[in-house]
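Here the structure comes first, spelled out in structure tokens, and everything after it is commentary.
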Amino acid sequence: MDLIADRGRRVTVDELNTSKLLAHAAEQARDRKYEDMLIVDCDAHHYENENFNEILPFIENDVLRQLTMSGRAKGRHSIVPGQVGYQDMGGRVTRYPLRMTEKTDPAGKLRDVQLGERWMDAMGVDYSCLFPTGMLNVGLHPQKEMEVELCWAYNRWLTEVVLPENHGRFYTQLALPLSDAEASLRQVEMFGGRKGVTGFMVTTVRTLPVHDNSLMKVYRAIEERGLSLAFHSGPNWGEPVFKGLNRFLSVHALGFSFYNILHCTNWVINGMGERFPKLPVIWIESGLAWIPFLMQRLDHEYMMRPSEAPLLKKKPSDYMRDMFYSTQPMEIQDMEALECTFRMMNAETQLMYASDYPHWDFDLPSTIYDLPFLSEKAKHNILGGNAARTFKLEPRNEAQKANLIKYGNYTAG
Amino acid sequence: MAEQFVGRLSEFTDGSRQIVKIGNTEVGVFRHEGEFFAYSNYCLHQGGPACEGLTIAKVEEMLREDKTSMGLFFSEKDMNFVCPWHGYEYDMKTGECISDRKLKLKRFNVVQKGEDVYVVA
Ligand code: FES
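Next up, the structure:
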């Protein structure tokens, strides 16, 4: 297929086949014997917007369902707030413009499941936590009721159609309509016990205070069920403070960290770690460099102003070390800085590998496996053990089971 | 040094590329402005297929005398090839990664024997 390059020049590239595109990842998986190691990808994506025809019929309200489906049929409007962005880098990341050319078996499993299994198999990943793409902006929806309906419809479709087709290799943390605490609670009650649901996810591209009193019942319901809570970040060029940025690189670099810094600050300073000590909390897709930054900033201020955070019984950084973080997109330009970050966050027990595939800045398991300063135990824990322990995931063969037991991560037995 | 047949000269139109397997490794062979360039197909970032993506002119930003920007332009002379996994760009003529020129893909010689094109590995 031809892609357009400079001055309209056409460049012929192969049609997309995920297994072929990731052939070098499969070589890495073979060379490093990943089959002996349980590998969990705690943040992978699909393009749910390509499935809206199947998702929207799950909207409960007759009028809102008709409104979205009717407009969509004629291609008149978008359903989830969109954003200016250049994820595909002008076609340089070829899987974006070529995505629709990839062939799947029309008589086989759902297309998203077939594609997911291709990349998981190539990378040597055993389980992936599946998240949406465009729906990560649902917190920007101007209508609270539409945010509720879209989360409801997506969560039903994912748990009733997608997850059952994949024999348990996808699991998920379902999107919460956080703008409406009552509706969030209803969705926890409705979906919290479904197969493949390990918790719930807050899309953090929003400025709503996550410590608001109305939300305590939601967090308590998640904690009581032994489930987890994830905060998944994203960029937003429309955020007032970012309007002065002129390149997507800048918006992307700052935005992903910015929203998790914002919400993590509220979470920690308002003593949420004291209120919900058994709730596993995972901060997703902000890289790692922000963690030592925020630990130092919050500890510094807390030492002088403890009266503004009276629920805390230890330093903010101690609460941050009680929580979990996903690896991707891991800043790997300065190995000493990265090693220091791992030390500060207790990475061995708190860090979970994430690919973010198929998005443009995905990371392979080798980004962790090849780090020179990690012990064998830390590699096993970060690549899958910490997630297996937290999400109660079973090993897929005897060697994986032996390694989970060896490093104290086996919970299924 | 073994020579590996890549193809017939007539198969290489300007701007085309081929990937050849040599033992356990892969080499990307480009024809650009009448010349051949051959590099390892293993990206220096995470090992992606560095030579299999888009070729695209280098992007430049021009400044006026007073240091104001004239905006972005495609270079008239410099061509890059781009790893399709995450977008690392490599200089077609040197194999250097344009965001850090200390990073350089392994280069292979290309020889022509009559109509036949070979990579030397
Ligand atoms: S592997 Fe080539 S750009 Fe990342």
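Top line first, the protein sequences correspond to chains A and B.
Be aware that the first sequence starts at 1, since it is given in the numbering used here, and climbs by one per residue.
Be aware that the second sequence starts at 1, since it is given in the numbering used here, and climbs by one per residue.
Glycine included, each C-beta is placed from N, C-alpha and C at the ideal position.
Under the three-state reduction of DSSP, A:Thr207 is assigned to coil, being neither helix nor strand. A check of alpha carbon separations from A:Pro142 across A:Ser179, A:Arg118 and A:Cys129 identifies A:Ser179 as the nearest. By the rule that beta-carbons nearer than 8 angstroms mark a contact, B:His32 does not touch chain A.
Taking 8 angstroms as the upper bound on Cβ-Cβ separation, chain B lies near residues Met89, Gly90, Gly91, Arg92, Val93, Thr94 and Arg95 of the segment 85 to 116 of chain A. Within chain A, no residue has its CB atom less than 8 angstroms from the CB of B:Leu44, the nearest being about 12 angstroms off.
Under the Cβ criterion of 8 angstroms, B:Phe74 is counted among the residues facing chain A. The distance from the Cβ of A:His211 to that of A:Asn137 is about 22 angstroms, inconsistent with a contact at the 8 angstroms cut-off. Comparing alpha-carbon positions, the option among A:Ala23, A:Trp119 and A:Thr94 lying closest to A:Glu15 turns out to be A:Thr94. For B:Leu72, the secondary structure class from DSSP, reduced to helix, strand or coil, is strand. Exclusion of the five residues before and after A:Val281 leaves Leu229 and Met323 as the residues of its chain whose Cβ lies within less than 6 angstroms of its Cβ. In the structure shown, A:Val188 adopts helical secondary structure according to DSSP, grouped into three states. In the DSSP assignment, A:Gln114 falls within the alpha helix (DSSP H) that extends over Arg111 to Met123. Selection around the ligand FES by beta-carbon proximity, strictly under 7 angstroms to any non-hydrogen atom, yields B:Cys43, B:His45, B:Gln46, B:Gly47, B:Gly48, B:Ala50, B:Cys83, B:Trp85, B:His86, B:Gly87 and B:Tyr88 in chain order. Considering only A:Pro316, A:Ala26 and A:Pro57, the residue with the shortest C-alpha distance to B:Gln46 is A:Ala26. Proximity of B:Ala57 to chain A, defined by a Cβ-Cβ separation below 8 angstroms, is satisfied.
The three-state reading of DSSP puts B:Gly114 in coil, since its state is none of H, G, I, E or B. Under the DSSP definition of a beta bridge, A:Leu229 partners with A:Phe200 and A:Val281. Just so you know, the alpha carbons of A:Ser307 and A:Glu301 end up roughly 11 angstroms apart. Annotation: the continuous beta strand (DSSP E) that includes A:Cys129 extends over Tyr127 to Phe131. About 12 angstroms separates the beta carbons of A:Cys42 and A:Tyr357, which is beyond the 8 angstroms limit, so they are not a contact pair.
Leaving aside the five residues that flank A:Thr411 on each side, the residues in its chain whose CB is nearer than 6 angstroms to its CB run, in chain order, Arg389 and Lys392. Using beta-carbon distances, B:Val82 counts as an interface residue toward chain A, with a partner under 8 angstroms. Of the residues A:Leu364, A:Pro372, A:Trp360 and A:Asn403, the one whose Cα lies closest to the Cα of A:Asn381 is A:Asn403.
When 7 angstroms is used as the limit between beta carbons, A:Gln28 is near these residues of chain B: Gly47, in chain order.
Closer than 8 angstroms at the C-beta level to chain B, one finds these residues of the segment 8 to 24 of chain A: Arg9, Val11, Thr12, Val13, Asp14, Leu21, Ala23 and His24. Contact annotation, B:Ser10 with B:Glu115: C-beta distance approximately 7 angstroms; criterion of less than 8 angstroms satisfied. In this structure, the beta-carbon distance from B:Cys51 to B:Phe81 falls below 8 angstroms. Among the bridge pairs identified by DSSP, B:Arg107 is matched with B:Tyr39. Chain B places a beta carbon closer than 8 angstroms to that of A:Thr367, counting this residue as a contact. Taking all protein chains shown into account, A:Arg206 has 16 or more neighbouring C-beta atoms within 10 Å of its C-beta and is therefore buried.
In this structure, the straight-line span from the alpha carbon of B:Met79 to that of B:His32 is close to 9 angstroms.
Non-local beta-carbon contacts of B:Gly7 in its own chain, meaning distances under 7 angstroms to residues more than five positions away in sequence, involve Gln18 and Val117 in chain order. Around the beta-carbon of A:Ile405, fewer than 16 other beta-carbon atoms lie within 10 Å, marking it exposed. When only Cα atoms are considered, A:Leu115 and A:Met303 end up about 50 angstroms apart. For A:Asp318, the enclosing alpha helix (DSSP H) begins and ends at Pro316 to Asp322.
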